[in-house]
């Protein structure tokens, strides 16, 4: 009988191809939508995390209180030991020291006189340690618009807009004028080897990236760092995990009586990001939930209509001796198969689209210009993100809704007298 | 003799709810049909003949009275038992053929045998034989859309008799056919009735069919008004 029914399903496109296509498209849309929401939200969080907050960040309690002033005189010391310890204690995250500093960038002419000058917001990043993922998370290979990545501590990357503003060419030397962690005056030369465009609104305008070894030399911060940033290995920000980690770390390591003891903050603790995280999670949940419900109603309805359309066939099968249970079970089995096949193809299609959008992204540069004065770090390009739940989320509407619709339609087999099914058949 | 009785009905009443009231489709029907009979339930529309046929087939249940088919009291059987009775011992022929459009003639005829779990080799033989009985051997692999109305109904007959049931119930089997096809269909059924000793019960108001019937039960307003034996029907020829 299974072979007989399979033959029928394969031949009857209105029972196979059309429902499979509907399920496939609905599932693909759900997955792509969820993936795009994931990617966009996590992209926003990750951009903030990469540039300033990390998923979690360790600094001294004193630095935390004055963090807006970039007070490197309150920096963490002996950061190598700290990074080694947290890497061992929290292996689901990777940890990296960071020096955040500001200053004046001076561009000399061929006679050593100032040709151009401007303020700079600079980051000393650990590019060169073995296993460092900084180039990956900064997406520097993609964001580099000229030149190359630094190869030693005296080389720097400048944002393309800052380089343009200062009239800099690749290979030229710039002098950082600032203060050391001991509040002494310092000047340090960096060679500009590349320019980048982060597509992060206002941040791009005056940013310089150097290796942390160069920053340490420039600011006399040997072994020190403004902060140690931690990122989930998956790069996916999970607020619950970050908050739990923060609580656990601070309970063990932070001493409220010592202003130089380390304290961990989560991404949500910085720059009103907590409101953003809560709002985004709620909005994402509602939007995806509504979309999921709509898709489930469509697929439920399809299952229902598919069942109703076959009352005649059901009546005939009952007449020639199939039991109600056999007919009902075969209808459900059919819808399970259709739902499963449609969901598998839909999942593949949805993941494919999501992966494509994860790699290519959607450029919103023009719209982001209007947010130029925002305090939040917004990406100009929205990327989707393939996350583990995308592999199974489609099965809920794809299989469950289709089967439930068929089950509802099939109730008629039990509710009605068989003779009634014949009447419907003959009209 | 009792063992030759195929259908025995006593005091059958069937009422359908209509709005807040009831419509009586059959009232106090008593009827006995013996093995091998070629019988017609005849009457105008609404007289209750299709309802009676459905009750005999176990597709509908009586409101009152006793119905026994092939020695089984339908009132006392479960739905599963009635399905088994239909599967093994009954065949149905419908006015609108009710063939499954995506299957070939062979596959449509094969379905009752699949339900009866007949092995594939025996199935092939029985289907081929049934198709030959109705004269459609050259259409074995055709689908219903490629057949004429007469050929569709012959396929439906083959499906009804392929498992050689004791009883075939036919509801207006010629209503959608022209005169020539109607006669052809009836001749096939007469032949099967005689060769297989299968009992046939028709619900009809088609004059062409009546000429073949050996017994005509007249129904009017849900009651049997006349039970007539025909001395020289075409089926006797």
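Chains as they are written, first to last, in this note's numbering: chain A, 1 to 427; chain B, 1001 to 1237.
Just so you know, even glycine gets a beta-carbon here, dropped at the ideal spot from N, CA and C.
Closer than 6 Å by C-beta to residue i: which residues in its own chain qualify, once you throw out the five before and the five after it? Chain order, please.
i: residue 1074 of chain B; result: 1058 and 1067
i: residue 429 of chain A; result: Here chain A covers residues 1 to 427 and nothing more, so residue 429 of chain A does not appear.
i: residue 1225 of chain B; result: 1218
i: residue 214 of chain A; result: 153 and 154
i: residue 1022 of chain B; result: 1015
i: residue 374 of chain A; result: Here the model assigns residue 374 of chain A a pLDDT of 45, short of 50, so the residue's position is not dependable and the matter cannot be decided.
i: residue 305 of chain A; result: none
i: residue 307 of chain A; result: 406, 409 and 410
i: residue 1231 of chain B; result: none
i: residue 22 of chain A; result: 302
Going by beta carbon distance, what residues of the same chain come within less than 8 Å of residue i, once the five residues before and after it are set aside?
i: residue 1011 of chain B; result: 1028, 1029, 1030, 1064, 1065 and 1066
i: residue 243 of chain A; result: 266 and 268
i: residue 1037 of chain B; result: 1006, 1199, 1200, 1201, 1214 and 1215
i: residue 20 of chain A; result: 338, 341, 342 and 345
i: residue 261 of chain A; result: 60, 61, 253, 254 and 255
i: residue 1104 of chain B; result: 1140, 1141, 1142 and 1143
i: residue 1210 of chain B; result: 1040, 1042, 1204 and 1216
i: residue 1032 of chain B; result: 1005, 1007, 1008 and 1009
i: residue 1145 of chain B; result: 1101
i: residue 1115 of chain B; result: 1087
Looking only at DSSP bridge pairs, what is residue i linked to?
i: residue 48 of chain A; result: DSSP output for residue 48 of chain A lists no bridge partner at all.
i: residue 121 of chain A; result: A:102 and A:207
i: residue 395 of chain A; result: Per DSSP, none; premise fails for residue 395 of chain A.
i: residue 1169 of chain B; result: B:1092 and B:1201
i: residue 95 of chain A; result: A:230
i: residue 362 of chain A; result: A:382
i: residue 1042 of chain B; result: B:1204 and B:1218
i: residue 189 of chain A; result: A:175
i: residue 1009 of chain B; result: B:1031 and B:1067
Thinking residue i and residue j are a contact (beta carbons under 8 Å), I'd like their distance in whole angstroms, please.
i: residue 454 of chain A; j: residue 31 of chain A; result: With chain A represented from 1 up to 427, any question about residue 454 of chain A goes unanswered, as that position is not in the structure.
i: residue 150 of chain A; j: residue 295 of chain A; result: In fact, because the Cβ distance is near 48 Å, the residues do not count as touching under 8 Å.
i: residue 347 of chain A; j: residue 36 of chain A; result: Actually they are not in contact, since the Cβ atoms of residue 347 of chain A and residue 36 of chain A sit about 15 Å apart, beyond 8 Å.
i: residue 116 of chain A; j: residue 166 of chain A; result: 4 Å
i: residue 1083 of chain B; j: residue 322 of chain A; result: 6 Å
i: residue 226 of chain A; j: residue 72 of chain A; result: 6 Å
i: residue 105 of chain A; j: residue 176 of chain A; result: 6 Å
i: residue 383 of chain A; j: residue 407 of chain A; result: Not quite, the Cβ-Cβ distance comes to about 39 Å (not below 8 Å), so this is no contact.
i: residue 94 of chain A; j: residue 231 of chain A; result: 6 Å
i: residue 1026 of chain B; j: residue 1051 of chain B; result: 6 Å
i: residue 334 of chain A; j: residue 2 of chain A; result: Contact doesn't hold; Cβ gap of about 10 Å is too wide.
Answer yes or no: the CB of residue i versus the heavy atoms of the ligand NAP, is any distance below 8 Å?
i: residue 1054 of chain B; result: The model depicted lacks the ligand NAP and carries no ligand whatsoever.
Skipping 5 residues on each side, what residues in its chain have a beta carbon closer than 7 Å to that of residue i?
i: residue 297 of chain A; result: none
i: residue 121 of chain A; result: 102, 206 and 207
i: residue 77 of chain A; result: 223 and 224
i: residue 1227 of chain B; result: 1217
i: residue 40 of chain A; result: 382
i: residue 1197 of chain B; result: 1035 and 1036
i: residue 91 of chain A; result: none
i: residue 33 of chain A; result: 288 and 291
i: residue 27 of chain A; result: 342, 343, 346, 347, 350, 394, 397 and 398
Per the contact definition of three or more C-beta pairs closer than 8 Å, is the stretch 231-250 of chain A in contact with the stretch 6-21 of chain A? no
Give, in chain order, every residue of the stretch 311-341 of chain A whose Cβ lies closer than 9 Å to some Cβ of chain B. 312, 313, 315, 316, 317, 318, 319, 320, 321, 322, 323, 324, 325 and 326
Between the stretch 383-400 of chain A and the stretch 63-71 of chain A, do three or more beta carbon pairs fall short of 8 Å? no
Interface positions of the stretch 1134-1155 of chain B facing chain A (Cβ-Cβ less than 8 Å), listed along the chain: none
Taking only beta carbons into account, state which residues of the stretch 1050-1067 of chain B come closer than 9 Å to chain D, listed in chain order. Protein chains in the displayed structure are A and B, and chain D is not among them.
Between the stretch 1081-1097 of chain B and the stretch 1162-1169 of chain B, do three or more beta carbon pairs fall short of 8 Å? yes
So, does the stretch 129-137 of chain A touch the stretch 157-170 of chain A, judging by three or more C-beta pairs under 8 Å? no
May I ask you to list, following chain order, the residues of the stretch 1025-1051 of chain B that have a beta carbon less than 9 Å from some beta carbon of chain A? 1050 and 1051
Would the stretch 123-132 of chain A count as touching the stretch 245-261 of chain A if we require 3 or more Cβ pairs under 8 Å? no
If you measure beta-carbon to beta-carbon, which residues of the stretch 273-288 of chain A are closer than 8 Å to chain B? none
Name the residues in the stretch 1202-1219 of chain B whose C-beta lies less than 9 Å from a C-beta of chain A; which are they? none
Contact list for the stretch 7-35 of chain A against chain B, Cβ threshold 7 Å: 8, 11 and 12
Segment contact, 8 Å Cβ cut-off, at least three pairs: the stretch 1120-1140 of chain B with the stretch 1044-1061 of chain B: no
If contact is defined by three or more beta carbon pairs under 8 Å, each pair taking one atom from either stretch, is the stretch 1175-1188 of chain B in contact with the stretch 1015-1022 of chain B? no
Are there three or more Cβ pairs, one per stretch, closer than 8 Å when the stretch 198-214 of chain A is compared with the stretch 146-160 of chain A? yes
For the stretch 1111-1133 of chain B, enumerate the residues whose C-beta is nearer than 7 Å to any C-beta of chain A, in chain order. 1111, 1112, 1114 and 1115
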